[in-house]
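In this note's numbering, the protein residues as written are 2 to 602.
Spelled out as structure tokens, the structure:
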């Protein structure tokens, strides 16, 4: 199995915008190569996570090894990687591309090129990939293959004359895609006699086997029973099992250059597996590691706290296991006066945050509260030092800060012509600066610079609702810029609630403060005394709402008689309420926290 010549191996990934048919094409290719029987076959075979099936999206890049007897009479080994399309999972895409030599670019023949198509293609071009364009959904009445081919050439700049026209759903011309893979994509390179160099592409936790690692062999051979060394940490392990995904796990004796497979080395500690690391032989190590891919930098941070304080240790273990499976996720311990012990977690975007939360509750049965998402600010202090601010509650005294810098992004929005005005207005409202506006047919492509802080809340939802879901959006980080930012603290009964504090631009501070106060007024249950809810910048209150006291009729027992008796009882009640307000603690229910934080998104 491992003596396949390099000329008969093809490593490729499928890249596309969301919903253009990557996973369905992967299904048809698995079927065409006979990797699974008709009984074993399900829709979206490689989307094996419950969440992926439910939402109809790919979250984790998956790999499968196929055997294809080509028309030239030779049998080829195809290693296919199905990648996610969402901007939040672009890191998964970059890892998959680093392990391959070519890509199939799938474009919907009715929708055409979208923002995420562009982003993924540019990543593939950066990785020096050979790219084969594939037009999917040609069986739809709205399909316009010629227009989309012209669009690919115009927008992306690659030749689409020989684009393969298919329908992944009905199976039209799947043979043509497989032939294009073996004839148009290059084989891998590598020497079997050199010291072992294998790239750690992905890793995940299996309850029975421990850590399973997905590797791509660049040089040398990886055998069962060998002692391997992780070049970044220096940790050594004995390989228990070597195998390939076909798509089920199939053990083999060894893996040679150009091959992809998995290894199991009874690794128990999550921290030993750094994605992008180089694995080598402990007895005959490689001279220098492979150039790994750059570590991911989280752009959105939020606090995750267990609803039940006893679950803290369980949350820590669960985050460790998720971190192993998702290298773009970061976390560190933190405490909050309102919410107790928890973790400050970093994500690549809001969908990423939502998916991690959902996975924690489903896979690990945890009940969590998430604080409002925030971005990382750079603080330039008066004494010349610089600090990174992840949590608005940790912001130092404004008198010590000279300037605050916030992250900006370069966003590409593709939208049908009739919705362009609404999109431009939205970007301007969010302090956006227009860089470029071009047309491709009846679709406009707007390029804007936007502050990330304005995007992480509800920008994507607003964009989709304004354009009836037709707009596509992609962004990349574009440096930091100084800005007039303030921290808004929320006080309930004069007590600051750290979990609700947030940072906003001074121009939007008052409206945001008013909105959250009005929301909390409806969420916090009434007490026997008045409760003041205030939004403040430093010592200056910018918004206030008052929750009225529950009234108890203390004069009910006084029927008839002297008015002074009633007045005396009312005065006494007033004094009691005053004292209660002074010493009374306002318990904010968990549901109010969740609803208030949701509103801020």
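Every residue gets a Cβ at the ideal spot worked out from N, C-alpha and C, and that includes glycine.
It should be emphasised that the depicted structure is a prediction, and the values quoted were computed from it without experimental measurement.
Please list, in chain order, all residues of the same chain as residue i whose beta carbon is under 7 Å from its beta carbon, the five residues on each side excluded.
i           : result
residue 67  : 30, 31, 34, 36, 79, 81
residue 75  : 9
residue 149 : 108, 110, 113, 136
residue 502 : 393, 394, 488, 489, 490, 491
residue 55  : With a pLDDT of only 48 at residue 55, under the threshold of 50, the placement of this residue in the model should not be trusted, and no figure is reported.
residue 519 : 546
Enumerate in chain order the residues of its own chain whose CB-to-CB distance from residue i is below 6 Å, with the five nearest sequence positions on each side excluded.
i           : result
residue 541 : none
residue 251 : 244, 245
residue 383 : 401, 403
residue 160 : none
residue 49  : Only weak support is given to the placement of residue 49: the predicted model assigns it a pLDDT of 44, under 50, and the value that follows is read from those uncertain coordinates. Correct list: empty, nothing qualifies.
residue 217 : 100, 200, 202, 261
residue 166 : 136, 139, 146
residue 342 : 313, 336
residue 559 : 566, 567
Measure how close the beta-carbons of residue i and residue j come, nearest whole angstrom, since I'm counting them as under 8 Å.
i           : j           : result
residue 316 : residue 263 : With a Cβ gap of about 28 Å, residue 316 and residue 263 do not count as contacting.
residue 549 : residue 531 : 6 Å
residue 152 : residue 113 : 5 Å
residue 14  : residue 104 : 5 Å
residue 351 : residue 307 : Residue 351 to residue 307, Cβ: 21 Å. No contact.
residue 485 : residue 450 : With 8 Å as the limit, residue 485 and residue 450 do not qualify as a contact, their Cβ atoms being about 17 Å apart.
residue 603 : residue 437 : Outside the shown range of the chain (2 to 602) lies residue 603, about which nothing can therefore be said.
residue 303 : residue 367 : Residue 303 to residue 367, Cβ: 15 Å. No contact.
residue 324 : residue 391 : Incorrect: roughly 17 Å between the Cβ atoms, too far for contact.
residue 406 : residue 482 : 6 Å
Please report the distance separating the alpha-carbon of residue i from that of residue j.
i           : j           : result
residue 499 : residue 224 : 54 Å
residue 397 : residue 537 : 15 Å
residue 476 : residue 461 : 11 Å
residue 504 : residue 517 : 13 Å
residue 375 : residue 312 : 24 Å
residue 131 : residue 154 : 15 Å
residue 65  : residue 455 : 40 Å
residue 283 : residue 99  : 24 Å
residue 466 : residue 287 : 53 Å
residue 526 : residue 567 : 28 Å
residue 189 : residue 197 : 16 Å
residue 452 : residue 349 : 15 Å
residue 539 : residue 358 : 32 Å
residue 506 : residue 487 : 6 Å
residue 389 : residue 120 : 28 Å
residue 409 : residue 169 : 38 Å
residue 575 : residue 495 : 19 Å
residue 602 : residue 457 : Because residue 602 sits at a pLDDT of 41, beneath the cut-off of 50, its placement in the model cannot be relied upon, and the point is left open.
residue 156 : residue 118 : 10 Å
residue 186 : residue 134 : 12 Å
residue 379 : residue 340 : 26 Å
residue 115 : residue 182 : 23 Å
residue 319 : residue 18  : 31 Å
residue 213 : residue 207 : 7 Å
residue 333 : residue 232 : 25 Å
residue 603 : residue 444 : Here the chain comprises residues numbered 2 to 602, so residue 603 is not present and cannot be evaluated.
residue 268 : residue 229 : 12 Å
Please report the residue range of the beta strand (DSSP E) in which residue i lies.
i           : result
residue 378 : 378 to 382
residue 445 : 444 to 452
residue 467 : Unbroken run through residue 467 is the alpha helix (DSSP H), 460 to 467; no beta strand (DSSP E).
residue 12  : 10 to 17
residue 137 : 131 to 137
residue 404 : 402 to 417
residue 251 : 250 to 253
residue 543 : 541 to 548
residue 104 : 103 to 109
residue 387 : 387 to 390
What is the residue span of the alpha helix (DSSP H) that residue i lies within?
i           : result
residue 396 : Looking at the DSSP string, residue 396 is not in any alpha helix (DSSP H), and its letter there is neither H nor E.
residue 25  : 23 to 33
residue 151 : 146 to 152
residue 175 : 175 to 185
residue 482 : From DSSP, residue 482 is part of no alpha helix (DSSP H) but of the beta strand (DSSP E) over 473 to 484.
residue 365 : Counting along the chain, residue 365 falls outside any alpha helix (DSSP H), and DSSP gives it neither H nor E.
residue 422 : 421 to 430
residue 513 : 507 to 524
Please determine whether the Cβ atom of residue i lies at a distance below 7 Å from any heavy atom of the ligand NAD.
i           : result
residue 572 : Looking at this structure, you won't find the ligand NAD or any other ligand, since it has none at all.
By Cβ distance below 8 Å, which residues in the same chain neighbour residue i in space, the five residues on each side in sequence not counted?
i           : result
residue 6   : none
residue 176 : 33
residue 226 : 239, 240
| task | Pick out the complete beta strand (DSSP E) segments inside the segment 277 to 351, 3 residues or longer, and give them in chain order. | result | 279 to 282, 301 to 307, 331 to 337, 341 to 348
| task | Quick one: which unbroken beta strand (DSSP E) runs of 3-plus residues sit fully inside the segment 158 to 240? Chain order, please. | result | 198 to 207, 211 to 220, 228 to 231, 237 to 239
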